[in-house]
Amino acid sequence: MRAWVRIAVFTAAALVGVTTVAAQEPQFPQKAAIEITVLFPAGSSADVTARLLADGMSKQLGARVLVVNRPGAGGAIGYKYVAAQKPDGYSLVWNSNSISTTFHSGMMPFDYHAFDAVARVLVESPVIAVRGDSKWKSLGELVAEAKSRPKQVTVGNSGIGSHTHISAVALFKAAAAEVVDVPFGAAQVVPSLLGAQVDAVVQLPAALSGYVKTGQVRLLAALTSGRDPALSDVPTAREQGFDVSLEAWRGIAAPKDTPKPAIAALEAAIRKTAESPDFVQASERLGVRPAFMPAAEFGNLIAKEDADLARIMQLIGLKK
1236 MRAWVRIAVF
1246 TAAALVGVTT
1256 VAAQEPQFPQ
1266 KAAIEITVLF
1276 PAGSSADVTA
1286 RLLADGMSKQ
1296 LGARVLVVNR
1306 PGAGGAIGYK
1316 YVAAQKPDGY
1326 SLVWNSNSIS
1336 TTFHSGMMPF
1346 DYHAFDAVAR
1356 VLVESPVIAV
1366 RGDSKWKSLG
1376 ELVAEAKSRP
1386 KQVTVGNSGI
1396 GSHTHISAVA
1406 LFKAAAAEVV
1416 DVPFGAAQVV
1426 PSLLGAQVDA
1436 VVQLPAALSG
1446 YVKTGQVRLL
1456 AALTSGRDPA
1466 LSDVPTAREQ
1476 GFDVSLEAWR
1486 GIAAPKDTPK
1496 PAIAALEAAI
1506 RKTAESPDFV
1516 QASERLGVRP
1526 AFMPAAEFGN
1536 LIAKEDADLA
1546 RIMQLIGLKK
């Protein structure tokens, strides 16, 4: 066989091999299980809502969607893990406003630019809560106590630099009251309130809903611009004279440069899940609101809020 013939044969064989491999490469998301990293422990608001989403996405995609808890450092541990994964759509993070607060508090060396936005899923109203048997029946009563006894009232949050920490600091700064902020791991916050280790907590509703229903916890105020339909009987801080509004959101993000077809497939599955009756009803029971937002719009929201949170954190002394 002449040399040029051999080369042609080998080239054709190689092309056939490449074509065969390409044909065998499974389409997204059939190659492996999709993993959603949750930045907080099992039982936290983030964990409960992420598992709801994962169940729905699994049905929509016809693929396994797993939730893995990687808590610590206000979310930095989970964000670092996902940012280092291959950008193929199989490794996702259940992100939130914490992508900005963790960076601006100095706990993480990179910001939201390390990820591609996929979709916003829901919004939550940070609330301030006390035990059901507490003497404080309103936010005004709690603030009055804090003013009469500076640095004596203790308020728990989900960790230094977390959204709940920033919300608590902003609230009591607006009220001109000095309290002691007590950071916990997210799963420890509510047990610490129930066990009387702290006087009050700032948390997200999903972690408190069961205890509110049994009367073990009382919500004093929602830290939002208007009343949350899911918490219609809870007055806002603004209604009670304290100008604080720090709504929280949760969504899905992927490592930077994830292929657009994978982003589109994930976005579509999230939309169908977030708009499904099962997800809507479960969200209502948890005190959260489905609020789907597509990738491009969600990315713009993250960028805008990053600048806003940087400013707020600078004002209250939490920006590094």
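Numbered according to this note's numbering, the sequence shown spans residues 1236 to 1555. Idealized CB from N, CA, C, for every residue including glycine. As the structure is a prediction and not an experimental result, all values here were calculated from the model.
- When the alpha-carbon of V1433 is set against those of N1330, K1491, A1318, R1366, the nearest one is in R1366.
- The criterion of a C-beta distance shorter than 9 Å is satisfied by D1323 and F1263.
- Listed as beta-bridge partners of L1301 by DSSP are E1270.
- Under the DSSP definition of a beta bridge, P1418 partners with N1392.
- Cβ contact annotation for V1303 (same chain, cutoff 6 Å, sequence separation greater than five): E1270, T1272, in chain order.
- Nearest C-alpha to G1394 among M1292, A1267, V1479, A1422: A1422.
- Nearest in C-alpha terms to L1466, of all of L1439, D1492, K1294, is L1439.
- The segment 1472-1486 and the segment 1311-1321 do not touch, with fewer than three beta-carbon pairs separated by less than 8 Å.
- For S1427, the CB contacts under 8 Å within the same chain, skipping 5 residues up- and downstream, are G1391, V1417, F1419, V1433, V1436 in chain order.
- One thing to note: T1336 has its Cβ no nearer than 9 Å to the Cβ of G1291.
- By the criterion of a C-beta distance shorter than 8 Å, E1519 is surrounded in its chain by A1465, once the five residues flanking it on both sides are discounted.
- For I1547, DSSP records no beta bridge to any residue.
- N1330 is classed as buried because its beta carbon has at least 16 other beta carbons within 10 Å across all chains shown.
- Here P1490 is buried: its Cβ has 16 or more other Cβ atoms, across all protein chains shown, within 10 Å.
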